[in-house]
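Trainee: Per the numbering used here, the sequence shown starts with residue 19, numbered consecutively. Built from N, CA and C at the ideal position, the CB exists for glycine as well. Here the structure is a predicted model, which means the values were calculated and not measured.
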Amino acid sequence: MENPTSAVKIEDGHSSWDTDVLIIGSGAAGLRAALAASEHTNVTLITKTTLTESNTHYAQGGIAVAMNLDDTIALHIKDTCAAGAGLCDVKAVEMMVSEGIPRVAELLDWGADFDWEGTLPRFTQEAAHSRRRIVHKGDATGRETTDVLIQRVLNTENIHVLQNTFAIDLLTDAETTEGREETVTCYGVTAIVDEKAVCIRARATILATGGLGRIYPCTSNPKVATGDGFAAAWRAGCEMVDMEFVQFHPTTLYLDGAPNFLISEAVRGEGGQLINIRGERFMEKYHEKGELAPRDVVSRAIQVEMELTGFPCVYLDITHKPAEFILERFPTISDTTKRFGLDINVDLIPVRPGAHFMMGGIRTNTDTETNLKGLYACGEVACTGVHGANRLASNSLLECLVYGARAGTNAAMFASLQPSYPPDMLPTGNTETSRMSSVEADLASIEAIKGAIQETLWENVSIERNGEGLKQTLAELQDLTTNLGDVPAAPESDAIAMVEAINMLNVALMITQSALARTESRGAHYRADFPTYNDTDWHRRILILRDNPPEVVPLGTLVSS
Ligand code: FAD
Ligand code: SIN
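1. Here's a check: name, in chain order, each residue in its chain whose Cβ is nearer than 8 Å to the Cβ of A311, leaving out the five neighbours to either side.
2. So if I measure from each beta-carbon to every heavy atom of ligand 2 and keep distances below 5 Å, which residues remain?
3. Is A515 helix, strand or coil by DSSP?
4. Spatial neighbours of T68 within its chain, please: C-beta separation below 7 Å, excluding the five flanking residues on both sides.
5. For ligand 4, any of its heavy atoms closer than 7 Å to the Cβ of F141?
6. Assign F404 to buried or exposed, taking buried as 16 or more other Cβ atoms, counted over all protein chains shown, within 10 Å of its Cβ.
7. Which complete alpha helix (DSSP H) runs does the segment 228-259 hold, if anything under 4 residues is left out?
8. Among S317, L40, P277, whose alpha-carbon lies nearest the alpha-carbon of Y544?
9. Please say whether L410 and V83 have beta carbons closer to each other than 8 Å?
10. What are the boundary residues of the beta strand (DSSP E) that C217 is part of?
11. Who are the near neighbours of I344 in its chain, counting only those whose CB is closer than 8 Å to its CB and skipping five residues on each side?
12. Go ahead and pull the three-state DSSP assignment for K391.
13. Contact between the segment 50-61 and the segment 71-82: three or more CB pairs below 8 Å?
14. Are the Cβ atoms of H374 and Q472 separated by less than 8 Å?
15. Closest by CA to L93, which one among G422, R149, A542, D385?
16. Of the choices T142, N413, I218, whose alpha-carbon is the least far from that of R286?
17. Exposed or buried, what is T580 when buried is set at 16 or more other beta-carbons lying within 10 Å of its beta-carbon?
18. Quick one: which unbroken alpha helix (DSSP H) runs of 4-plus residues sit fully inside the segment 104-175? Chain order, please.
19. CB of N484 to nearest heavy atom of ligand 1: below 7 Å?
20. Say yes only if the C-beta of Y304 is nearer than 7 Å to one or more non-hydrogen atoms of ligand 1, and no if none qualify.
21. Give the C-beta separation of M377 and D260 to the nearest angstrom, bearing in mind that I take them to be a contact with Cβ-Cβ under 8 Å.
22. Compute the Euclidean distance between the alpha carbons of T223 and S238, then round it to the nearest angstrom.
23. For S434, which residues from the same chain have a beta carbon less than 7 Å from its beta carbon, with the 5 sequence-adjacent residues on both sides left out?
24. Secondary structure at D274, three-state DSSP: helix, strand or coil?
25. Could you tell me which residues DSSP pairs with V211 in its beta bridges?
26. Helix, strand or coil for Q291? Go by DSSP, reduced to three states.
27. Excluding the 5 residues preceding and the 5 following L527 in the sequence, name in chain order all residues of the same chain whose CB lies nearer than 7 Å to its CB.
28. Are L256 and I64 close, meaning C-beta to C-beta below 8 Å?
29. When we look at the beta-carbon of E309 and count the other beta-carbons within 10 Å, is it buried (16 or more) or exposed?
30. Can at least three beta-carbon pairs, one atom from the segment 158-167 and one from the segment 461-471, be found at a separation below 8 Å?
31. In this structure, what does DSSP give as the bridge partners for T37?
32. From S511, T491, Q490, M516, pick the residue whose C-alpha is nearest to that of L502; which is it?
33. Within 7 Å: the Cβ of V332 and any heavy atom of ligand 1?
34. Span of the alpha helix (DSSP H) holding E57?
35. Which full runs of the alpha helix (DSSP H) of 4+ residues lie inside the segment 325-349, going along the chain?
36. Taking 7 Å as the line, does the beta carbon of D246 fall inside it for any heavy atom of ligand 1?
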């Protein structure tokens, strides 16, 4: 693949790059968007590290799709809305579920080698699905999906890929009439390439930067998931919604020396049982569906069992299944755990919950438009409302394929209506990021800031929250934000780590403020001081705009751009 840095022109000490449609992120959403946009115009896709590094790449369980003989679109919609606990946008769900069928069929057509049984994909079961509807490739569905999409992107002549290109801030221009700001337009992004600032200008921009699991110390997410897109969008004036709803996956591996690693829900779907350190099976105490209860219920139950037994994990037991089945169905989990001395054919798997997925994000309508003209968002960074207060397992990859394709087409159409490239803009910066780039902080102090954010979020803004703890974290985050002014400037080599720390702080604040505002429990948001579901007051969303307190707004998608 072409070395991206050599492709960026250096002019007057600044690098710049012009494109019709700019896509930020190389997960399923960004890759699918690139393919759709490339049918109409020239595309540049940038990504933080390598093309393959993304949450998508590590997806295990599969893609939910209503293709099985006993399944229907209506049932899939019903299950999705039930998991979403009253906050799903039904129109967006209908679109995802129905357009998901041709999107998955097309992926198969393009060569995705999913598991088959006779003439049909081998559908598996996951929690809170009323049918077996998950198509998969063993336990490495994400890798298979990205391999197929990446191959197609690389074979498409008018898609230009820039790897190791770290997006910092969106380039925006506000039109004002009589001193009143009217429309904010997005013209691309500022980025860091080879420790240098780069200005990438575009007629239309798509944010597909994925999730933010790394703001927590325990997570299933890879290193790239520091919430960069959420933070950049918020700084640029995007409407952010549902930010209190962070999903914690019940089973991440808890093993000395092992990296963050997910143990797929499909293990429970295939009969895996949860037991505590005393050897007691416990899920039936908490929910009639036992191990296949909704994720928030299983995560909370594990947390309670860990507290009751005073032990830092519980165990997942799949040893009753034949060894050949385990090897064929869960090769990645088998291999990975084996590297750390655990044989899942005979050993119990030590697990505990970890941050997994963000239901909220940049508010978009079903055309993936944001409230900034020329800016589109899709995948985990966006919030169309498809997941409501809690995402149904394996609906995320489906969302990425459906809304990624829609974003690509819509952005290309928008770009074709723009008469010329935007004016020659250089980064104007914003208070936090320009301050960061002008100071000198060593990596150790940046890592200490990141660690402090993770610790306070884990303590007070994770599976169980309460008002006192949330206020304490809010104060700590505000202190950290203020203290950033005292942190000496990062050398250029640490600039990415520094911007990540700012991004983590920005998203941590949004999540904490929203969690404090929602005085009820719903979906993934559980308040010990408000433990009940309160539809009378809270059948609403919380909207966050930069420099404003959280605002409670009715449900419904945005079309205010
Ligand atoms: P991602 O796939 O995360 O891609 C984001 C991209 O943006 C990455 O390439 C990243 O490098 C890039 N990026 C980020 N910041 C910047 C920046 N500043 N500048 C430039 N580029 C940037 N969902 C399912 O439906 N089924 C599953 O089986 C499943 N299993 C999962 C297993 C794991 C371990 C994890 C972590 C998640 C899983 N999920 C699953 C959730 C799902 O994988 C993600 O929600 C989905 O893949 C998100 O796709 P995306 O394209 O929005 O973002
Ligand atoms: C898993 O395999 O458990 C993850 C599935 C998902 O997050 O949808």
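Mentor: Let me lay it out:
1. A145, A146, M301, Y304, H305, A319
2. Q78, G79, S282, E283, A411, S412
3. helix
4. Q181
5. Annotation note on ligand 4: not contained in the displayed structure, which lists ligand 1 and ligand 2 as its ligands.
6. Position check: residue 404 holds Val in this sequence, whereas Phe was assumed. Buried, because 16 or more other Cβ atoms sit within 10 Å of the Cβ of V404.
7. 246-254
8. S317
9. no
10. 214-225
11. I336, S352, I362, N363
12. strand
13. no
14. no
15. R149
16. T142
17. Because the chain spans 19 through 579 in this model, residue 580 falls outside it and cannot be assessed.
18. 108-127, 159-172
19. no
20. no
21. 6 Å
22. 28 Å
23. H58, T59
24. coil
25. T183, K214
26. strand
27. L495
28. Note on identity: in this sequence residue 256 is Cys, with Leu being the wrong assignment. It is not a contact, given that the beta carbons lie outside the stated cut-off.
29. buried
30. no
31. A220
32. M516
33. no
34. Segment: none, E57 is in no alpha helix (DSSP H) and carries neither H nor E.
35. 341-347
36. yes
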